[in-house]
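In the working numbering, the protein residues as written are 35 to 187. Taking it in order: structure first as structure tokens, then the write-up.
Here it is in structure tokens:
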């Protein structure tokens with residue numbers, strides 16, 4: 035089963051913001067077609083694209099609909115098939131590293147020095163740890179063939 039394409043519209047030529055969102059979704063569809071995904075996920079993706087193709091409304095709402103469909107498709111691929119775009123885990127683990135590692139380290143530094151102004155020193159350390167963990171997971175996903183050949187513009 036193949037994935038339905040995004041239908042071209044005249045608004046894509048007149049509104050650059052909507053055109054950019056449409057190009058991102060079209061590029062995602064092309065990247066997904068290169069992977070062999072099961073029929074249930076293909077059917078779900080086709081339903082999301084059909085919702086965008088059938089959308090009748092103002093340009094801003096169309097852009098929002100396209101972006102929502104793109105996010106939902108990426109979430110479906112990650113949740114069901116563990117297929118992710120490049121730098122997915124790096125972006126995810128950067129914020130987790132700042133919150134889970136950085137803040138506790140900052141509190142420890144601040145308490146050890148006796149000045150809680152040093153609380154912020156742990157955040158870049160946690161960010162670095164998170165980026166390193168995420169880069170490792172992205173590398174693993176690429177080696178296992180679970181990474182899409184897709185980059186949003």
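Glycine residues also receive a C-beta, built at the ideal position from the N, C-alpha and C atoms. Keep in mind it's a predicted model, so treat the numbers as computed, not measured.
Asked                                                                                                                                                                              : Found
Residue 117: buried (16+ other C-beta within 10 angstroms of its C-beta) or exposed?                                                                                               : buried
For residue 108 and residue 140, I'd like the C-alpha separation in whole angstroms.                                                                                               : 34 Å
Count the other C-beta atoms from every protein chain shown that fall within 10 angstroms of the C-beta of residue 55, then say buried if there are 16 or more, exposed otherwise. : buried
Helix or strand or just coil, what does DSSP make of residue 181?                                                                                                                  : strand
Give me the residue from 119, 147, 166 and 113 with the minimum Cα distance to residue 135.                                                                                        : 166
Kindly indicate which residue of 95, 171, 69 and 79 has the alpha-carbon position closest to the one of residue 45.                                                                : 95
Let me check understanding here. Comparing Cα to Cα, which of 85, 127 and 65 lies closest to residue 102?                                                                          : 85
How many whole angstroms separate the CB atoms of residue 88 and residue 49, which I take to be in contact at a CB cut-off of 8 Å?                                                 : Actually they are not in contact, since the Cβ atoms of residue 88 and residue 49 sit about 19 Å apart, beyond 8 Å.
Taking 8 Å as the cut-off, decide whether the C-beta atoms of residue 168 and residue 132 are in contact.                                                                          : no
What's the C-alpha gap between residue 90 and residue 43?                                                                                                                          : 11 Å
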